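Below: the structure, in C-alpha coordinates.
Numbering (this note's numbering), first residue to last: 1296 to 1398.
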(Lines of atoms letter the chains of each structure in order from A and count residues from 1; the text may use other names and numbers.)
(Lines give C-alpha, C1' and ligand atoms only; values in the text may rest on other atoms or scores of the structure.)
Protein backbone atom coordinates (compact mmCIF):
# COMPACT_ATOMS: atom_id res chain seq x y z
CA UNK A 1 0.00 0.00 0.00
CA UNK A 2 1.41 3.39 -1.03
CA UNK A 3 1.56 6.25 1.42
CA UNK A 4 0.73 9.67 -0.03
CA UNK A 5 2.87 12.56 1.07
CA UNK A 6 0.64 15.11 2.83
CA UNK A 7 2.52 17.93 1.08
CA UNK A 8 1.96 16.44 -2.40
CA UNK A 9 -0.34 18.45 -4.62
CA UNK A 10 -2.29 16.76 -7.40
CA UNK A 11 -2.53 19.25 -10.29
CA UNK A 12 -5.01 18.61 -13.09
CA UNK A 13 -4.38 20.02 -16.57
CA UNK A 14 -7.25 19.91 -19.06
CA UNK A 15 -6.57 19.51 -22.79
CA UNK A 16 -7.90 22.99 -23.51
CA UNK A 17 -5.58 24.65 -20.98
CA UNK A 18 -2.65 22.44 -22.02
CA UNK A 19 -2.82 23.94 -25.53
CA UNK A 20 -1.81 27.28 -24.07
CA UNK A 21 -2.41 30.80 -25.33
CA UNK A 22 0.23 32.53 -27.45
CA UNK A 23 1.18 36.00 -26.24
CA UNK A 24 3.82 38.38 -27.55
CA UNK A 25 3.22 41.24 -25.12
CA UNK A 26 2.66 41.35 -21.38
CA UNK A 27 1.53 44.37 -19.38
CA UNK A 28 2.01 44.24 -15.63
CA UNK A 29 0.24 46.58 -13.19
CA UNK A 30 -0.13 46.45 -9.44
CA UNK A 31 -1.94 47.81 -6.43
CA UNK A 32 -0.94 47.43 -2.80
CA UNK A 33 -2.78 44.07 -2.66
CA UNK A 34 -2.21 42.41 -6.04
CA UNK A 35 -0.27 42.21 -9.29
CA UNK A 36 -2.21 41.99 -12.56
CA UNK A 37 -0.53 40.33 -15.55
CA UNK A 38 -2.29 40.91 -18.88
CA UNK A 39 -1.07 38.71 -21.74
CA UNK A 40 -1.77 40.17 -25.17
CA UNK A 41 -1.40 38.96 -28.75
CA UNK A 42 -0.46 41.63 -31.30
CA UNK A 43 -0.78 40.68 -34.96
CA UNK A 44 1.19 42.42 -37.74
CA UNK A 45 -0.64 45.22 -39.53
CA UNK A 46 -3.46 45.26 -37.00
CA UNK A 47 -3.80 48.45 -34.93
CA UNK A 48 -5.90 46.71 -32.26
CA UNK A 49 -4.92 43.92 -29.88
CA UNK A 50 -6.87 41.91 -27.33
CA UNK A 51 -5.96 40.75 -23.87
CA UNK A 52 -5.96 36.95 -24.21
CA UNK A 53 -5.45 36.15 -20.55
CA UNK A 54 -5.37 38.02 -17.24
CA UNK A 55 -3.66 36.56 -14.18
CA UNK A 56 -4.09 38.21 -10.78
CA UNK A 57 -1.63 37.24 -8.04
CA UNK A 58 -0.52 38.42 -4.62
CA UNK A 59 2.72 40.40 -4.19
CA UNK A 60 4.31 37.34 -2.52
CA UNK A 61 3.41 35.13 -5.48
CA UNK A 62 4.69 37.80 -7.90
CA UNK A 63 8.06 37.65 -6.16
CA UNK A 64 8.04 33.84 -6.29
CA UNK A 65 7.21 34.01 -10.00
CA UNK A 66 10.15 36.38 -10.55
CA UNK A 67 12.49 33.97 -8.75
CA UNK A 68 11.19 31.00 -10.75
CA UNK A 69 11.56 32.89 -14.05
CA UNK A 70 15.12 33.95 -13.19
CA UNK A 71 16.01 30.34 -12.33
CA UNK A 72 14.46 28.99 -15.54
CA UNK A 73 16.07 31.65 -17.75
CA UNK A 74 19.46 30.87 -16.19
CA UNK A 75 18.98 27.15 -16.97
CA UNK A 76 17.75 27.91 -20.51
CA UNK A 77 20.73 30.15 -21.25
CA UNK A 78 23.15 27.56 -19.87
CA UNK A 79 21.75 25.01 -22.33
CA UNK A 80 20.94 27.26 -25.33
CA UNK A 81 23.05 30.40 -25.09
CA UNK A 82 22.26 33.93 -24.04
CA UNK A 83 18.83 35.35 -24.91
CA UNK A 84 19.26 38.55 -26.90
CA UNK A 85 17.00 41.48 -26.07
CA UNK A 86 16.27 44.40 -28.42
CA UNK A 87 17.98 47.64 -27.41
CA UNK A 88 14.70 49.61 -27.34
CA UNK A 89 11.95 47.28 -26.07
CA UNK A 90 9.63 50.21 -25.35
CA UNK A 91 8.82 50.67 -29.03
CA UNK A 92 7.10 47.46 -30.10
CA UNK A 93 7.20 47.29 -33.91
CA UNK A 94 3.72 46.98 -35.36
CA UNK A 95 5.08 45.27 -38.47
CA UNK A 96 7.29 42.90 -36.42
CA UNK A 97 10.38 44.26 -38.15
CA UNK A 98 9.55 42.59 -41.47
CA UNK A 99 8.39 44.00 -44.75
CA UNK A 100 4.82 45.11 -45.16
CA UNK A 101 2.90 42.90 -47.57
CA UNK A 102 0.46 44.11 -50.19
CA UNK A 103 -2.70 42.47 -51.48
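Virtual Cβ for every residue (Gly too), placed ideally from N, Cα, C. Model, not experiment: these values are computed from the prediction.
Pop quiz: residue i and residue j are said to be a contact at Cβ under 8 Å. What is the actual Cβ separation, rounded to whole angstroms?
i            : j            : result
residue 1330 : residue 1316 : Not really, about 19 Å apart at Cβ, beyond 8 Å.
residue 1378 : residue 1369 : About 11 Å; that fails the 8 Å criterion.
Identify the residues that DSSP records as bridge partners of residue i: which are they?
i            : result
residue 1321 : 1334
residue 1345 : 1336
residue 1350 : 1332
When you compare the CB positions of residue i and residue j, do they come within less than 7 Å of one another, or not?
i            : j            : result
residue 1336 : residue 1348 : no
residue 1321 : residue 1334 : yes
For residue i, which of the options has the nearest alpha-carbon?
i            : options                : result
residue 1324 : 1350, 1368, 1375, 1370 : 1350
residue 1357 : 1309, 1376, 1326       : 1326
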